[in-house]
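Using this note's numbering, the first residue of the sequence shown is number 3, and each one after it goes up by one.
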Amino acid sequence: MSDRQRRHAHLRSVEVITVTETSKTDRATAPPLTERERSTADIAQLFDVAGREEEAIRQLDGCMARLHEVQQAKAALKTLSASELRAALEFRRAALGGEIA
3 MSDRQRRHAH LRSVEVITVT ETSKTDRATA PPLTERERST ADIAQLFDVA
53 GREEEAIRQL DGCMARLHEV QQAKAALKTL SASELRAALE FRRAALGGEI
103 A
């Protein structure tokens with residue numbers, strides 16, 4: 003379990019919102035939906051969406067790990083000398099079959 007998951011393991015609230023599709027003119031005059039106007043299927047779908055939170059957090063954690071890796075690589079590249087960069091670009095060009103890196 004990651005540090006983020008441990009910190010948020012105790013947080014298990016679900017916020018339910020109503021999303022309806024209306025035209026721009028209807029939005030100003032339409033009253034908000036009440037609980038009675040939501041169908042059981044609509045509510046079940048809200049539970050399905052809310053249940054995907056942990057998977058979304060796992061994916062976000064993975065994206066953040068890749069982003070940190072990219073940022074570290076970019077920072078390391080900034081410290082290279084011109085001759086090191088030329089040699090690395092030549093190496094990449096050769097690895098790509100002579101194509102420009």
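All C-beta atoms in this analysis are idealised placements derived from N, C-alpha and C, irrespective of residue type, glycine included.
Original post:
If you draw a straight line from the alpha carbon of I59 to that of G53, how long is it in whole angstroms?
Top reply: 11 Å
**OP:** Can you grab the Cα-Cα spacing for the pair L79 / L69, in whole Å?
**Re:** 15 Å
Original post:
What three-state label does DSSP hand T42 in the structure shown?
Top reply: helix
Subject >> S85 - containing alpha helix (DSSP H), residue span >> reply: A84 to A97
Original post:
Where does the unbroken alpha helix (DSSP H) through G64 begin, and where does it stop?
Top reply: E55 to K80
Subject >> Cα-Cα separation between A46 and E55, rounded to whole angstroms >> reply: 15 Å
Original post:
Are the beta-carbon atoms belonging to A90 and L98 less than 9 Å from one another?
Top reply: no
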